[in-house]
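Read top to bottom, the protein sequences are chains R and G.
Going by our numbering, the first residue of the first sequence is number 6, and it counts up by one from there.
Going by our numbering, the first residue of the second sequence is number -17, and it counts up by one from there.
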Amino acid sequence: MTGDLQIIEGCARHNSKAQKLLYDKYSRFLLGICMRYASDKSEAEDILQETFLKIFFSIGDYSGTGSFTGWLRRVAVNTAITHYHKNLKHRYHMDIDEYVSAEAGSSGFEEDFYTADELYNILNGLPDGYRMVFNLYAVEGYRHKEIAGFLKIDTSTSKSQYSRARALIREKLAILRKLKDSYTDNG
Amino acid sequence: MKENREDINIRNLFRQKLENAEIVPDASVRNQLMRKLGRREFLRFNPGRFNVYYLGTIVTAALVTALIINAGSGGDRDREIAPPLPAERIIPDVTLNLTGAEKSQATGETGEKVSQEGISGIYADSSRDIRQLSRNNITPVTDPVVTEQAKITRYEAPLSVPGGKIVADTDRAGSNLQIINIPGKALFVPTVTSGCIPLKVQFRNYSASSASPRWSFGDGGYSGERDPEWIYDIEGEYKVTLNIVYEDGRKELSSAIINAYPKPVAHFEIIQGDPANPDHEVRFINYSINAVKYFWEFGDGQTSEVFEPYHKYARPGNYNIKLTVYSESGCQDSQTVINAFSGSGSFIEFPNAFIPNSGGPTGGHYSYTSDLTASVFHPVFSEVTEYQLRIFSKRGILIYESNDINIGWDGYLNGQLCEPGVYIWKVRGRFRNGESFTRLGDLTLLRNQ
């Protein structure tokens, strides 16, 4: 197995074999990130392609000291942010079904109760702005001030969008829980 | 705090599950990416890959440059073909024998004969016509010099126009074709050429008054009126044609395009949280169709352009909420909900029947599940601060009393289920806004079968 270092060097020389190796090694990991920022898989794959193009053309910027996956993650997140800005004006539509309200369910969210697919689904169904803020804050761990800078919004907007996103997610988790409970009850 | 704990829970949930989650991309993504990459790599200047493509590019560039320089010193012939013809222009296969003999005579006859469909578009610029003809290997006998003002070209011509509709002038000896084009002057003018449905268009007819017009509105509608008015109810692009037949048999035809844009539909729903909580926000759910821009007026002077806004009212009250939506083509629609919170801001309502639990007293605590069986008699309410409910038998004996709005009557008196039948309730109290209320009504106690 070729090591990361050789792949990186190969990519820096624009060696197409190294580029393919890099893709094969990291595409699944990066698509996992892109998927959180997209409304469906095809959009996530678009972001993934852009991410790889950026990686291939700016791999020289990678200093070689930090974690390579960390660097890849940052490129993917930045690409997702650029993608969000680019598509901002096209995105007003939203599934009405997503807005069925439900009482907030129990507060404990055991990790094993929900699958990654279900969580992706919830993120995909969020309004774009909410999804951006939630991902950047909750998963990536950025601060609201930083997020405000990325998305060109107010810090307070980032905070309020985050809390609304959280409320929506809570609702959806509650619905999901009810659904799953009813399945286990009946089956 | 509960909020913080939940927040951490959710964050942990998503972070642990998704931070390093992997998804397998479609196989096509890889190929697509490699193609894109190949294109970008090719465009990236790389002296290390100086190859036949670069060489080819340079040779092509040199050739083009040489050609341009050569063309600059060329003769008149080159200049004639220099301005390119518009690509979509339809060139009918017209075979003409041209004589310029009558060209001077033609000047000044503007308006006497007007070209037929298919021709007016082609001969938009008569100087271009000649070029076109010469491209079709038809050489004018004499150079037809056409005055730019009149834009009339007269050709004496045996005609053969496959698919075209050139009408020969049979009045004169020989076959004369007169092509007249008056730029910007059509036979009729619509008041509007585009707009939102229902789109009302008034057509003004500029033909001679003796003519009988035949209108076709493009949506299957016809008219013989002189200046008709037409309403387009369905969105679309319509070609309106006016066919004029003069008394002397001459015909004219003119057309125009009308664009009827779809109208958006504004529709929304108001979701109130808990109105009793002074911090609660009202949520708006947007069901609008065909819209790209939204404008909300919340009735308290505040506005928003968010698709689905949240709004916090400083004080409870009745507000008129208006949503105006705009489509891509600028059409608009609006919906107003008048006194949006009148039904929910401050109210108290009682049912008129209930079915007590036959298994024993429940204490009158009610919930969503007890409401499914209607086992507790209680009001639905909002913004109530003071409350006293009393229930009397038909003879006027007080059976039940509650000062807690969250406790209703379970149908029992001293542990005994009351008889089925009609009872009287009376409620007194006060809303949060200070308004007091007194209501009176009857209720029927039903037995569970």
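Just so it is clear, CB atoms sit at the ideal spot from N, CA and C, and this is done for glycine as well.
What you are looking at is a predicted structure, and each value in this text was computed from that prediction instead of being measured.
{"query": "Burial state of residue 383 of chain G (16 or more Cβ within 10 Å)", "result": "exposed"}
{"query": "Own chain residues within Cβ distance below 7 Å of residue 389 of chain G, not counting five before or after", "result": "346, 347"}
{"query": "Interface positions of the region 396 to 425 of chain G facing chain R (Cβ-Cβ less than 8 Å), listed along the chain", "result": "none"}
{"query": "Residue interval of the alpha helix (DSSP H) (run including residue 59 of chain R)", "result": "46 to 62"}
{"query": "Residues near residue 173 of chain G in its chain [Cβ-Cβ closer than 8 Å; skip 5 each side]", "result": "183, 184, 185, 186"}
{"query": "Three-state class that DSSP yields for residue 252 of chain G in the structure shown", "result": "strand"}
{"query": "DSSP state of residue 238 of chain G mapped onto helix, strand, coil", "result": "strand"}
{"query": "As assigned by DSSP and simplified to three states, the class of residue 121 of chain R", "result": "helix"}
{"query": "Burial state of residue 271 of chain G (16 or more Cβ within 10 Å)", "result": "exposed"}
{"query": "Within-7 Å CB hit, residue 141 of chain R to chain G", "result": "no"}
{"query": "For residue 12 of chain R and residue 70 of chain R, the rounded distance between their alpha carbons", "result": "15 Å"}
{"query": "According to DSSP, residues forming a beta bridge with residue 178 of chain G", "result": "G:243"}
{"query": "Strand pairing of residue 434 of chain G, partner residues [DSSP]", "result": "Lying before the first or after the last residue shown, residue 434 of chain G is absent from chain G, which here runs from -17 to 431."}
{"query": "Whole-angstrom distance between residue 31 of chain R and residue 273 of chain G, CA atom to CA atom", "result": "40 Å"}
{"query": "Segment contact, 8 Å Cβ cut-off, at least three pairs: the region 327 to 341 of chain G with the region 288 to 295 of chain G", "result": "no"}
{"query": "Whole-number beta carbon distance between residue 0 of chain G and residue 85 of chain R, since they are thought to touch under 8 Å", "result": "13 Å between Cβ atoms; not a contact."}
{"query": "Selected residue, minimal CA-CA separation from residue 178 of chain R, among G:221, G:-8, G:42", "result": "G:-8"}
{"query": "CB contact below 7 Å: residue 138 of chain R versus chain G", "result": "no"}
{"query": "Residue 24 of chain G burial status per 10 Å Cβ neighbour count (16 or more: buried)", "result": "exposed"}
{"query": "N-terminal and C-terminal residue of the alpha helix (DSSP H) that residue 24 of chain R is part of", "result": "21 to 42"}
{"query": "Any chain R beta carbon closer than 7 Å to residue -1 of chain G", "result": "yes"}
{"query": "Nearest to residue 363 of chain G (by Cα), restricted to the options G:398, G:404, G:421", "result": "G:421"}
{"query": "Other residues of its chain near residue 145 of chain R: CB distance less than 7 Å, five sequence neighbours each side excluded", "result": "82"}
{"query": "Limits of the unbroken alpha helix (DSSP H) element including residue 9 of chain R", "result": "9 to 17"}
{"query": "Cutoff 7 Å: residue 37 of chain R Cβ touching any chain G Cβ", "result": "yes"}
{"query": "Residue of G:343, G:341, G:360 minimising C-alpha distance to residue 350 of chain G", "result": "G:360"}
{"query": "Where residue -5 of chain G falls, given that 16 or more other Cβ within 10 Å makes a residue buried", "result": "buried"}
{"query": "Residues sharing a beta bridge with residue 286 of chain G, DSSP", "result": "G:278"}
{"query": "Own chain residues within Cβ distance below 8 Å of residue 335 of chain G, not counting five before or after", "result": "356, 425, 426, 427, 428"}
{"query": "Among R:118, R:153, R:172, the one whose alpha carbon lies nearest that of residue 163 of chain R", "result": "R:153"}
{"query": "Validate contact between the region 123 to 131 of chain R and the region 41 to 58 of chain R using beta carbons, cut 8 Å, 3 pairs", "result": "yes"}
{"query": "Where the beta strand (DSSP E) through residue 413 of chain G begins and ends", "result": "403 to 413"}
{"query": "Min CB distance residue 4 of chain G to chain R below 7 Å", "result": "yes"}
{"query": "Pairwise C-alpha distance: residue 45 of chain G and residue 67 of chain R", "result": "43 Å"}
{"query": "Whole-Å CB distance - residue 279 of chain G paired with residue 245 of chain G, under 8 Å assumed", "result": "At roughly 20 Å, the Cβ-Cβ gap does not stay under 8 Å, so residue 279 of chain G and residue 245 of chain G are not in contact."}
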